[in-house]
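Chemist:
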Amino acid sequence: MISSVKGIVLHKEPSLIVIESSGIGYDIHCSQTAYEQASAIGAEYRIFTRHVIREDSQTLYGFSSLSERGLFDLIIAVSGIGPKTGLGIISALAAPKVREAIINKDLVTLTALPGIGKKTAERLIVELRDKMLKDDNSISSEGSNLDPSGSNVRSEALSALIALGYNRATAEKAIRDVIRNEPKQTEKIETLIKAALRQNIS
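Last residue of the sequence shown: 205 in our numbering, with the numbers rising by one and none dropped.
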């Protein structure tokens with residue numbers, strides 16, 4: 004399984020990046036965010052990937068972060084949604100907005116996505132909403148169990164990370180890791196932010 008590719012960008016265009024690594028050029032069908040964040044041609048770039056194998060093809064799909072790839076994995080696990088459609092969804096609407104639409108049961112937003120009709124949008128909500136709510140609630144509960152004010156500290160730290168340009172889902176995971184592994188760093192917003200940044204979030 005190819006989890007990521009790091010190398011020199013040979014070519015890039017919306018939805019496709021070619022990266023040479025160890026003398027091999029990889030065609031990677033990428034999300035819009037991955038394309039926008041990619042280095043210039045001739046420069047080095049790492050992209051997170053999902054290697055999808057079919058009977059008649061092998062395709063690499065590329066993402067800007069682990070959390071974006073995780074959302075892709077969730078989406079293509081929904082019946083009736085293939086990798087191309089999953090990539091199209093994430094490219095048409097940023098990953099946090101996709102999560103928000105599913106959690107809020109926003110059929111208008113979901114049915115506006117490429118390849119998504121009403122029935123498919125309803126399946127996305129039915130199959131993924133509870134999973135996403137569970138992830139969000141686990142962060143809140145872990146923070147509040149540490150201290151009565153823990154939830155507020157976590158919330159403000161999360162807002163600060165998002166303001167710095169980090170993906171919401173990735174920032175949430177970094178905060179959750181700090182809460183689990185470095186609980187003493189969660190008492191103040193400043194120390195929680197610094198500890199979260201040490202998680203190498205992207």
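Virtual Cβ for every residue (Gly too), placed ideally from N, Cα, C.
Which runs of the beta strand (DSSP E) fall wholly inside the stretch 26-54 and span at least 3 residues, in chain order?
Modeler: Within the stretch 26-54, the complete beta strand (DSSP E) runs of at least 3 residues are 27-33.
Chemist: Taking E47 as the reference, give the member of S25, R179, K121 with the closest Cα.
Modeler: Closest option to E47, Cα to Cα, is S25.
Chemist: What number of angstroms, rounded off, separates the C-alpha of S67 from the C-alpha of K187?
Modeler: Distance between the alpha carbons of S67 and K187: 31 Å.
Chemist: Is the CB-CB distance between A199 and V181 below 8 Å?
Modeler: Cβ distance < 8 Å, so A199 and V181 count as in contact.
Chemist: Does the stretch 34-52 come into contact with the stretch 77-87, if we say contact requires no fewer than three beta-carbon pairs (one atom in each stretch) closer than 8 Å?
Modeler: The stretch 34-52, when compared against the stretch 77-87, does not touch it at the 8 Å Cβ threshold.
Chemist: Rank Y38, A37, L19 by C-alpha distance to the C-alpha of I31 and give the top, closest one.
Modeler: It is L19.
Chemist: Nearest-angstrom Cα distance between I119 and R72?
Modeler: Going from the Cα of I119 to the Cα of R72 covers about 19 Å.
Chemist: Would K15 and R49 qualify as a contact pair, given that the criterion is a beta-carbon distance under 8 Å?
Modeler: No, these two residues do not count as a Cβ contact at 8 Å.
Chemist: Sorted by chain position, which residues of the same chain lie with C-beta nearer than 8 Å to L127's C-beta, five sequence neighbours on each side aside?
Modeler: I78, V81, I84, I105, L113, I119, listed in sequence order.
Chemist: Reducing DSSP to helix, strand and coil, say where S60 ends up.
Modeler: In this structure, S60 counts as strand in the three-state DSSP scheme.
Chemist: Per DSSP, L116 forms a beta bridge with which residues?
Modeler: None; L116 has no bridge partner.
Chemist: Tell me whether K176 is buried or exposed, calling it buried when 16 or more other Cβ atoms sit within 10 Å of its Cβ.
Modeler: When all chains shown are included, K176 counts as buried.
Chemist: In whole angstroms, what is the alpha-carbon distance linking R171 and S158?
Modeler: Going from the Cα of R171 to the Cα of S158 covers about 11 Å.
Chemist: Using 8 Å as the threshold, is the C-beta distance between D76 and R53 below it?
Modeler: Yes, they are a contact pair.
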